[in-house]
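*Asks:* Would you mind keeping the following structure in view while I ask a few things?
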Amino acid sequence: MKKIFNVAAFVCGMDEEYPYQIIRGINDYAKEHAINISYFASFGGIVENSSFDDGEYSIYKLPNLAKFDGAILMTNTFSNPIVRNNIIDRVKAAGIPSVIFECKDYEEFYDVSIDNYAVMKKLVEHLIKEHGAKVFNFISGPEENPEAKARYKAFRDALSENGLEFDEDKRLYKGFFRSYDGIHAIEDFFSSGVSLPDAFVCANDSMALTAMNKLQSNGIKVPDDVIVTGFDNIFNARQSFPVLTTIKRPLYASGVKACKVLYSLMKGEEQPRSTLMDAEPVYAESCGCHINNDDNDLEFRRETSLKIERTYTGIHMLNKLIAALAVSKNIEECADAIIELIEAIECREFMLCLVSDWEKTYNAISIDEKDDNYPEAMTVPLIWDHGERRSVKSFPSKQLRPEIQMSSGNISYYIPLHFGPRILGYYIMSNTDFPIYSNHCHTITMCIGNAIESISKLNVLDSLCGIYNRNGFNINAGYIFEECIKEKAPISVIFIDVDGLKVINDTYGHKEGDTTIIAISRIIEMACGQIDVCGRIGGDEFVVVGRGDEFAEIFEKRFYTELKKKNENFDRPYELDASVGYITTIPEESDSLIELIQQADAEMYKVKKTKKNHR
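Under my numbering, the letters of the sequence shown match residues 3 to 617, in that order.
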């Protein structure tokens with residue numbers, strides 16, 4: 003029986019055209035040669051939010067690479083050097099055959115590249131010699147990115163060899179290959195007060211296009227007032243106005259070549275350490291050159307039509323998904339909404355894999371939000387397999403999938419689900435191109451993550467007061483209780499019961515009773531510290547747990563102070579009141595939190611009885 007090879011691939015921002023074209027090449031070769039490809043993909047670095055990025059980057063710690071036969075590294079798509087280096091270190095440690103793009107820095111890996119230096123130098127020399135450019139601004143990629151470094155060095159060398167100086171302090175903008183960098187670079191240029199250069203040379207098309215648009219929106223004409231160039235020859239560059247001068251690179255062919263080299267290595271066949279692919283400048287309108295688009299006009303129209311169709315279809319699907327998720331009260335209803343999406347995009351296989359305690363993750367104080375490792379156990383509330391729906395209660399996360407993939411030629415995308423830095427799980431899409439061609443995949447992923455977070459919130463929060471319900475209180479107070487046992491530290495359990503609620507309900511109606519409960523809950527929150535836990539565990543009953551010998555006394559004083567303030571401005575025909583009882587102890591292994599709550603309840607009852615006797 004022919005061996006089925008399994009390959010792990012790492013990419014960031016796979017809906018950008020650069021990785022999209024490479025992935026197409028990889029996938030076509032993999033399917034033709036019965037190779038299974040598992041893409042571990044994130045959208046980190048896109049929304050400019052470090053907490054969000056922490057959740058995105060967690061997916062790269064999921065796979066046990068020793069279980070794969072090979073790896074493909076698109077680490078040049080990562081703007082974060084720490085994440086990039088961590089992936090590289092993990093692949094090295096696994097000792098599996100690996101191919102990397104645009105990087106010759108690691109002797110363990112086989113490289114597929116273009117000559118970034120030579121082709122960028124050729125483009126810059128064209129601007130100098132053919133268009134008379136003398137003053138330049140440069141918008142770079144990430145400083146530690148090998149491609150970015152090679153392109154910037156070529157730029158500097160071209161200027162130096164032609165006797166031109168470059169003011170790095172005033173005319174260099176350090177970007178991350180993201181489209182918004184072009185906007186920021188031009189904004190930075192405008193605020194700098196320096197004169198308009200003859201040319202803005204950009205390290206990729208995404209930055210060049212937004213830079214060009216920003217310049218033109220401020221009345222600066224391209225190329226009449228200033229030249230703008232890019233690198234990559236992406237679809238939007240060929241469709242821009244003016245058409246962008248750029249560099250054409252064989253992205254699809256590079257993907258095919260990388261997979262071909264890796265396939266040979268996995269079979270034990272020798273391969274050259276480095277493969278150099280051809281690249282060439284495309285001189286177009288943004289530098290002042292004339293182009294003839296007639297030959298490509300039909301293909302452009304076809305691509306444009308397809309993109310427009312996919313965009314409108316994607317917006318419709320996204321709106322339906324958002325509406326359905328917004329009213330989902332449990333994970334089953336959430337899964338129903340996802341199935342509609344899966345059917346619409348013709349995805350053959352989809353798996354929603356969540357951390358086993360996902361329902362308990364909302365504000366769980368024991369959870370270290372910096373812990374970006376997946377737990378040992380996962381649960382799968384939804385598997386959609388060729389039109390059949392099922393679920394799996396539990397499976398080990400190191401297995402990656404709840405069900406072992408026995409067939410070959412499968413393309414799977416592992417995409418993280420999280421809320422900020424908090425890991426919720428991931429989903430797997432198999433044998434569909436939706437994650438790479440759709441501009442909506444990222445938004446859909448965020449919507450699913452937010453919906454799961456909202457459902458977990460419903461499970462632990464009181465719908466009336468917004469503080470913990472009994473379930474949420476037990477989870478979070480339980481962490482404090484366990485820590486106090488472990489540290490032999492004092493814990494205080496406080497029981498609060500609203501006074502006169504039955505009279506308020508009977509006299510003024512249950513709406514006023516709800517107003518009373520909400521008001522008391524707010525007072526309790528104000529009396530608590532940030533690390534204390536409070537919850538509503540019954541109709542008019544609240545419990546608070548905190549650490550320290552003096553916590554209960556401090557809480558009680560704060561509570562009655564806030565209660566007095568509230569009553570002074572409480573525009574009702576009745577006053578708010580509540581009875582407070584508490585115990586403080588150093589808990590032991592033989593104790594239980596329920597027993598301590600019962601003891602605090604007994605103390606509260608004594609207070610309430612005393613109040614009645616003094617009326």
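Positions of the beta carbon are idealized from the N, C-alpha and C atoms, including for glycine.
1) Leaving out five residues on either side along the sequence, give the residues of the same chain with a beta carbon under 7 Å from the beta carbon of Arg86.
2) In whole angstroms, what is the alpha-carbon distance linking Glu311 and Cys443?
3) Can you tell me the Cα-Cα spacing of Thr212 and Pro244, whole angstroms?
4) If we count the other Cβ atoms within 10 Å of its Cβ and call it buried at 16 or more, is Arg153 buried or exposed?
5) Just the C-alpha distance for Thr231 and Met214, rounded to the nearest angstrom, thanks.
6) Could you tell me whether the region 320-332 touches the region 164-171, where touching means 3 or more Cβ pairs closer than 8 Å?
7) Could you tell me the alpha carbon to alpha carbon distance between Asn571 and Asp534, rounded to whole angstroms?
8) Beta strand (DSSP E) containing Leu354: first to last residue?
9) Between Pro274 and Ser100, what straight-line distance do the alpha-carbon atoms span, to the nearest angstrom?
10) Mapping DSSP to helix, strand and coil, what is Pro575?
11) Exposed or buried, which one is Gln600 when buried takes at least 16 other CB atoms within 10 Å?
12) Is it the case that the Cβ atoms of Val258 and Tyr31 are separated by a distance below 8 Å?
13) Using DSSP with H/G/I as helix, E/B as strand and the rest coil, what is Arg538?
14) Using a Cβ distance threshold of 8 Å, determine whether the region 263-273 contacts the region 168-182, with at least three qualifying pairs required.
15) Can you find the residues in the same chain that come closer than 7 Å, C-beta to C-beta, to Asn147, ignoring five residues on each side of it along the sequence?
16) Work out the CA separation of Phe561 and Ile61 for me, nearest whole Å.
17) Assign Lys5 to one of two classes, buried (16 or more other C-beta atoms within 10 Å of its C-beta) or exposed (fewer than that).
18) For Met1, is the classification buried or exposed, using 16 other Cβ atoms within 10 angstroms of its Cβ as the cut-off for buried?
19) Pull up the DSSP beta-bridge partners for Phe544, would you.
20) Are Leu419 and Ile469 close, meaning C-beta to C-beta below 8 Å?
21) Counting pairs of Cβ atoms below 8 Å between the region 577-586 and the region 490-501, do you hit three or more?
22) Return the chain-ordered list of same chain residues with a C-beta closer than 7 Å to the C-beta of Phe2, the five sequence neighbours on each side being excluded.
23) Can you tell me which of the three DSSP states Ser393 falls into?
24) Hey, how far is the Cα of Asp226 from the Cα of Ala286?
25) Could you tell me how far apart the beta carbons of Leu320 and Thr445 are, in whole angstroms, since I believe they sit closer than 8 Å?
26) Tell me which residue opens and which closes the alpha helix (DSSP H) that Ala337 is part of.
27) List the residues that DSSP assigns as beta-bridge partners of Tyr416.
28) Which residue comes first and which comes last in the alpha helix (DSSP H) that contains Gly232?
29) Which residue's Cα is closest to the Cα of Cys14: Ala201, Pro83, Thr306?
30) Just reading off the beta strand (DSSP E) that Pro383 is part of, what are its end residues?
31) So, Ile229 versus Ala201, is the Cβ gap smaller than 8 Å?
32) Mapping the DSSP letters down to three states, classify Ser440 as helix, strand or coil.
33) Mapping the DSSP letters down to three states, classify Ala160 as helix, strand or coil.
34) Kindly identify the DSSP beta-bridge partner or partners of Gly72.
35) Within its chain, find whatever has a CB closer than 6 Å to the CB of Tyr254; leave out the 5 residues flanking it on each side and keep chain order.
36) Apply the 10 Å Cβ neighbour rule to Pro398 and answer buried if 16 or more other Cβ atoms are within range, or exposed otherwise.
*Replies:* According to the structure shown:
1) Residue mapping note: residue 86 aligns to position 84 of the sequence shown, counting from 1. Thr77, Phe80, listed in sequence order.
2) Position 309 of the sequence shown, counted from the start, is the residue given in the question as residue 311. Position 441 of the sequence shown, counted from the start, is the residue given in the question as residue 443. Roughly 16 Å separates the two Cα atoms.
3) If you number the sequence shown from 1, residue 212 lands on position 210. If you number the sequence shown from 1, residue 244 lands on position 242. Roughly 12 Å separates the two Cα atoms.
4) Residue numbering aside, residue 153 sits at position 151 when the sequence shown is read from its first letter. By the 10 Å Cβ count, Arg153 comes out buried.
5) Counting from 1 along the sequence shown, the entry for residue 231 is found at position 229. Counting from 1 along the sequence shown, the entry for residue 214 is found at position 212. The alpha-carbon atoms of Thr231 and Met214 are separated by roughly 9 Å.
6) By the Cβ criterion, the region 320-332 is not in contact with the region 164-171, since fewer than three pairs of Cβ atoms, one from each stretch, lie closer than 8 Å.
7) Numbered from its first residue, the sequence shown carries residue 571 at position 569. Numbered from its first residue, the sequence shown carries residue 534 at position 532. Using only the alpha carbons, I get a separation of about 27 Å.
8) Numbered from 1 along the sequence shown, position 352 holds the residue referred to as residue 354. Here the beta strand (DSSP E) through Leu354 covers 351-357.
9) Taking the sequence shown and counting its residues from 1, the one referred to as residue 274 is at position 272. Taking the sequence shown and counting its residues from 1, the one referred to as residue 100 is at position 98. Their Cα atoms are separated by approximately 13 Å.
10) If you number the sequence shown from 1, residue 575 lands on position 573. Pro575 falls in the coil class under three-state DSSP.
11) One-based indexing of the sequence shown puts residue 600 at position 598. The residue is exposed, with fewer than 16 neighbouring Cβ atoms inside 10 Å.
12) Here residue 258 corresponds to residue number 256 of the sequence shown, with the count starting at 1. Here residue 31 corresponds to residue number 29 of the sequence shown, with the count starting at 1. Cβ distance < 8 Å, so Val258 and Tyr31 count as in contact.
13) For the purposes of this step, residue 538 is taken as the residue at position 536 of the sequence shown. Strand at Arg538.
14) no
15) For the purposes of this step, residue 147 is taken as residue 145 along the sequence shown, with counting starting at 1. For Asn147, where only same-chain residues beyond five positions count, the Cβ hits under 7 Å are Asn78.
16) Start at 1 with the first residue of the sequence shown, and residue 61 comes out as number 59. Start at 1 with the first residue of the sequence shown, and residue 561 comes out as number 559. For Ile61 and Phe561, the distance between alpha carbons rounds to 44 Å.
17) The residue you call residue 5 lines up with position 3 of the sequence shown. It is exposed - the Cβ of Lys5 has fewer than 16 other Cβ atoms within 10 Å.
18) As displayed, the chain neither begins before 3 nor continues past 617, which places residue 1 out of reach and without an answer.
19) Here the question's residue 544 lines up with position 542 in the sequence shown. Paired residues: Ile498, Arg538.
20) To locate residue 419, count along the sequence shown from 1; it is residue 417. To locate residue 469, count along the sequence shown from 1; it is residue 467. No, the Cβ-Cβ distance between Leu419 and Ile469 is not below 8 Å.
21) With the cut-off at 8 Å, the region 577-586 and the region 490-501 touch.
22) Limits of the chain in this structure are 3 at one end and 617 at the other, which puts residue 2 out of reach.
23) Sequence index remark: in the sequence shown, residue 393 carries index 391 (1-based). Taken through DSSP and simplified to helix, strand or coil, Ser393 comes out as strand.
24) In the sequence shown, the residue the question calls residue 226 occupies position 224. In the sequence shown, the residue the question calls residue 286 occupies position 284. C-alpha separation (whole angstroms): 13 Å.
25) Numbered from its first residue, the sequence shown carries residue 320 at position 318. Numbered from its first residue, the sequence shown carries residue 445 at position 443. That pair is a contact at about 6 Å.
26) Counting from one through the sequence shown, the residue named residue 337 turns up at place 335. Unbroken alpha helix (DSSP H) run through Ala337: 333-346.
27) For the purposes of this step, residue 416 is taken as the residue at position 414 of the sequence shown. Phe42, Ile430.
28) Taking the first residue of the sequence shown as 1, we reach residue 232 at position 230. Neither: Gly232 is in no alpha helix (DSSP H) and is coded neither H nor E.
29) Indexing the sequence shown from 1 puts residue 14 at position 12. Ranking the options by Cα distance to Cys14, first place goes to Pro83.
30) Your numbering for residue 383 matches position 381 in the sequence shown. Its beta strand (DSSP E) spans residues 379-387.
31) Along the sequence shown, one-based indexing puts residue 229 at 227. Along the sequence shown, one-based indexing puts residue 201 at 199. Cβ atoms of Ile229 and Ala201: closer than 8 Å.
32) Taking the sequence shown and counting its residues from 1, one reaches residue 440 at position 438. Correct three-state label for Ser440: coil.
33) Here residue 160 refers to the residue found at position 158 when the sequence shown is read from its first residue. Helix, per DSSP.
34) Position 70 of the sequence shown, counting from 1, holds the residue named residue 72. For Gly72, which the question treats as bridged, DSSP gives the partners Val9.
35) As a working note, residue 254 is residue 252 in the sequence shown. Excluding sequence neighbours, Tyr254 sits near Gln23, Arg26, Gly27.
36) Taking the first residue of the sequence shown as position 1, residue 398 is located at position 396. Exposed, by the Cβ-count rule.
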